[in-house]
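For reference, the structure is listed below as structure tokens.
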Amino acid sequence: MLKRAATVAIIDDSAIIRYSVNYVLKSKGFPVLFEADNGAVCLEIMTSLAVFPDILILDIEMPVMDGYTTASIVKKNWPTIQIIAFSGREDQASISRSIKAGADYFFSKNDDLNNLLDLLHKISGNHL
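What follows is the structure in structure tokens.
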């Protein structure tokens, strides 16, 4: 029996990053359900969906509503969604704060996107 590909949402205030990640994910068979440029927009979209993403790729530093707050709200309302905190900050405080807020994983924007694909495959294998 074939497993379905994990569905993903990309939340980042940078349109270039959203486009790049979306392009790579779709080219490797990961359906992107939606994109948002901040946490408030993400939550607005989430409340209107009938089917939720399996994985949220969530920037932690965004205007309007940051990723920490967004992760906390998502985990409270949709606890099965796996959250990847996605940031250019790699300091231990940011990583710890992301995990405490509800992120399941942390991925640096400075890392190769092929490693993000590896993480998505790992999550898909563990949770779907």
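Its first residue numbered 856, the sequence shown is counted upward by one per residue in the working numbering. Just so you know, even glycine gets a beta-carbon here, dropped at the ideal spot from N, CA and C.
Around the beta carbon of VAL863, 16 or more other beta carbons lie within 10 angstroms, which makes this residue buried. Of the residues ASP868, ALA958 and TYR874, the one whose Cα lies closest to the Cα of ALA895 is ASP868. With a cutoff of 9 Å on beta-carbon distance, LEU904 and ILE866 are scored as not near each other. Between ASN970 and GLU945, the beta carbon gap of about 13 Å keeps them out of contact (Cβ cut-off 8 Å).
Beta-bridge annotation (DSSP): SER927 is not paired with any residue.
Counting only runs that start and end inside the stretch 906-967, the beta strand (DSSP E) elements of at least 3 residues fall at 910-914, 937-942 and 960-963. Distance between ALA861 and VAL906, taken at the CA atoms: about 12 Å. With 16 or more other Cβ atoms inside 10 Å of its own Cβ, VAL929 counts as buried. Given a length threshold of 3 residues, each whole run of the beta strand (DSSP E) inside the stretch 856-888 is given here in chain order: 863-866.
Around the Cβ of THR902, a 10 Å sphere holds fewer than 16 other Cβ atoms; the residue is exposed.
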